[in-house]
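Inspection log for the structure reproduced underneath, given as structure tokens.
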Ligand SMILES: CC(C)(COP(=O)(O)OP(=O)(O)OC[C@H]1O[C@@H](n2cnc3c(N)ncnc32)[C@H](O)[C@@H]1OP(=O)(O)O)[C@@H](O)C(=O)NCCC(=O)NCCS
């Protein structure tokens, strides 16, 4: 298992041992009507093992669908309890859509665990992965203009504002930030 973080809260690539927690995370997010950023296909995938299979496909450059780039799915978990606090996805490179809008990294924290610093912790660990494992020199992260929590998370990790862009599919304004690693 790949993981980052020295304390009991670490970022790991989930496996089948997380099945119950993946289900619980999904249910909590859906019930709260939360945006499921950084969870890959979790919204439309009720069965955790199916979701894990899909993640493996997405990570493999030979198997990833043609219009997608390889991506790694992580969960932020507590090694003492096994609880999943957050989820984060790292896109290994940018295609045209990601470059314009969504960036390298998406993330979310389950509603009952918000405002405890987990998003900041998770993004910091992901940046380390981007630098050390993927060899990236800088990453792009974006957030909705009205998403104060995400903006603050990005700024706390050294994000430098680039521009505001309008995304025509979801009809939303986004702020784009770059973080030098
Ligand atoms: C955005 C999100 C990941 C933040 O998670 P979190 O664990 O609560 O964030 P943290 O506790 O690490 O806090 C990060 C910063 O945001 C601030 N913050 C957190 N929630 C906030 C809120 N509701 N309103 C304003 N600021 C907030 C914190 O004070 C902190 O800023 P500071 O360091 O300047 O004090 C979480 O709200 C979420 O999952 N939202 C839905 C999905 C989403 O929007 N993902 C981001 C996509 S770009």
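Residue numbers (the numbering used here): 2 to 182. Even glycine gets a Cβ: it sits at the ideal position worked out from N, Cα and C. A quick note: this is a predicted structure, and the numbers were derived from the prediction, not measured.
Judged by the Cβ position, residue 149 qualifies as a neighbour of ligand 1 at the 7 Å threshold, a heavy atom of the ligand being closer than this. In terms of Cβ geometry, residue 88 and residue 5 do not form a close pair [threshold 8 Å].
With a contact defined as Cβ atoms closer than 8 Å, residue 182 and residue 132 qualify at about 4 Å. Residue range 149-157 is occupied by the alpha helix (DSSP H) that includes residue 157. Of the heavy atoms belonging to ligand 1, none sits nearer than 7 Å to the Cβ of residue 84.
For a cut-off of 8 Å, the C-beta gap from residue 86 to residue 78 is around 7 Å, short enough to register as a contact. For residue 55, the CB contacts under 8 Å within the same chain, skipping 5 residues up- and downstream, are 41, 42 and 46 in chain order. According to DSSP, residue pairing for residue 13 in a beta bridge involves 4 and 76. With a contact defined as Cβ atoms closer than 8 Å, residue 95 and residue 141 qualify at about 7 Å. Secondary structure of residue 165 (DSSP, three-state): strand. When distances are taken from the beta-carbon of residue 144 to the heavy atoms of ligand 1, the shortest one is below 7 Å. DSSP places residue 129 in the uninterrupted alpha helix (DSSP H) bounded by 119-133. Taking a cut-off of 8 Å on C-beta distances, the stretch 147-161 does not touch the stretch 64-75, as fewer than three cross pairs fall below it. A check of alpha carbon separations from residue 8 across 123, 16, 91 and 37 identifies 123 as the nearest.
Counting only the Cα atoms, residue 60 lies some 20 Å from residue 138.
Here residue 66 is exposed. Its C-beta has fewer than 16 other C-beta atoms within 10 Å. In terms of side-chain proximity, the C-beta atom of residue 79 is found no nearer than 7 Å to any non-hydrogen atom of ligand 1.
Rounded to whole angstroms, the separation of the alpha carbons of residue 23 and residue 84 is 9 Å. Comparing alpha-carbon positions, the option among 159, 154, 143 and 36 lying closest to residue 165 turns out to be 143.
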